[in-house]
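Heads up: the sequence shown at position 28 corresponds to 27 in numbering that gives the first Met the number 0, and the numbers run straight through without jumps. Structure first, commentary second.
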Amino acid sequence: MSEKAPWTKATAYSDIQQAIIGQIRQSGILHEHAMVKASPGIVSEKQLSSKSVTNLGGAFVGIGRLASVKQQADGTAVHELGLGVFLVAPYGHRDKQAEVIVDTVHEFIQLITDNRFELVKAQKPAGISARNLYSPSVDLKGSALWLIEWRQSFILFDAEGAALGNAASRSAALGRSAS
0 MSEKAPWTKA
10 TAYSDIQQAI
20 IGQIRQSGIL
30 HEHAMVKASP
40 GIVSEKQLSS
50 KSVTNLGGAF
60 VGIGRLASVK
70 QQADGTAVHE
80 LGLGVFLVAP
90 YGHRDKQAEV
100 IVDTVHEFIQ
110 LITDNRFELV
120 KAQKPAGISA
130 RNLYSPSVDL
140 KGSALWLIEW
150 RQSFILFDAE
160 GAALGNAASR
170 SAALGRSAS
């Protein structure tokens with residue numbers, strides 16, 4: 000019997016992003032050689048045309064806007080983030096591709112629903128939505144692009160594992176020292 004690794008105490012937003020990437024890779028939803036990585040921003044047609052996206056498609060995990068940072072009674076800061084996964088369909092015949100990407104979007108929504116991504120003190124996702132980011136040029140490339148978005152709240156921790164308050168938490172979120 001194997002022991003599960005303990006949940007991660009995120010110290011920065013990038014930890015949250017990496018936890019989501021890890022869960023996507025473990026889920027088996029995408030082909031094992033599909034690209035799964037952090038999004039450098041909004042995934043564009045230009046990125047899709049680059050050689051960095053495999054023909055097997057992929058998922059780019061992005062952190063959108065910071066919705067709020069609220070302080071709990073104990074001084075702990077709770078960060079509500081807008082999150083998203085850009086799904087790139089595997090290249091292929093349009094009919095088969097449409098079927099595959101719709102099924103993939105549905106499976107991703109199931110993965111996200113109630114998922115805390117093995118992050119300590121993460122709350123359930125809220126406001127999950129999915130939309131097709133259709134464009135003629137992406138279609139001509141033989142692919143499709145979907146965006147699944149949601150909001151989720153997290154608590155950040157210091158290196159020793161203590162929950163951070165507002166000032167320290169805002170600096171840590173961006174990977175800076177609070178001094």
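Each residue gets a CB set at the ideal place from its N, CA and C atoms; glycine is no exception. These numbers come from a predicted model, not from an experiment.
Residue i vs residue j beta-carbon contact at 8 Å
| i | j | result |
| --- | --- | --- |
| His78 | Ser152 | yes |
| Ala11 | Ala172 | yes |
| Leu144 | Val87 | yes |
| Val35 | Arg24 | yes |
| His30 | Pro124 | no |
First through last residue of the alpha helix (DSSP H) which encompasses residue i
| i | result |
| --- | --- |
| Leu144 | It is not in any alpha helix (DSSP H) - Leu144 instead sits in the beta strand (DSSP E) that spans 144 to 154. |
| Ala88 | No alpha helix (DSSP H) holds Ala88; DSSP gives it neither H nor E. |
| Leu139 | 135 to 139 |
| Ser67 | Taken as a continuous stretch (DSSP letters only), Ser67 belongs to no alpha helix (DSSP H), being part of the beta strand (DSSP E) at 57 to 70. |
| Ala18 | 12 to 26 |
Beta strand (DSSP E) segment containing residue i, residue limits
| i | result |
| --- | --- |
| His105 | Note, His105: premise wrong, no beta strand (DSSP E); alpha helix (DSSP H) at 93 to 111. |
| Ala129 | 125 to 131 |
| Lys36 | 34 to 37 |
From the options, residue whose alpha carbon lies closest to that of residue i
| i | options | result |
| --- | --- | --- |
| Glu159 | Lys8, Lys3, Thr103 | Lys8 |
| His105 | Asn165, Leu118, Gln22, Ala129 | Ala129 |
| Gly141 | Ala167, Leu47, Ser13 | Leu47 |
| Glu148 | Gly61, Ala33, His32 | Gly61 |
Cα-Cα separation between residue i and residue j, rounded to whole angstroms
| i | j | result |
| --- | --- | --- |
| Ile100 | Gln22 | 19 Å |
| Gly74 | Leu155 | 12 Å |
| Asp14 | Phe116 | 11 Å |
| Arg93 | Ile19 | 29 Å |
| Gln96 | Leu163 | 45 Å |
| Asn114 | Gly27 | 15 Å |
| Leu55 | Leu80 | 29 Å |
| Ala4 | Ile127 | 28 Å |
| Asn165 | Ile111 | 27 Å |
| Phe85 | Asp138 | 16 Å |
| Ser136 | Lys69 | 42 Å |
| Gln17 | Val119 | 14 Å |
| Trp6 | Asp157 | 15 Å |
| Ser168 | Ala121 | 15 Å |
| Ser134 | Glu44 | 8 Å |
| Asp102 | Val52 | 20 Å |
| Gln109 | Gly40 | 24 Å |
Integer Cβ distance of residue i from residue j, believed to fall under 8 Å
| i | j | result |
| --- | --- | --- |
| Gly57 | Gly83 | About 14 Å separates the two Cβ atoms, so there is no contact after all. |
| Ala72 | Arg150 | Contact flag wrong, Cβ pair sits at about 22 Å. |
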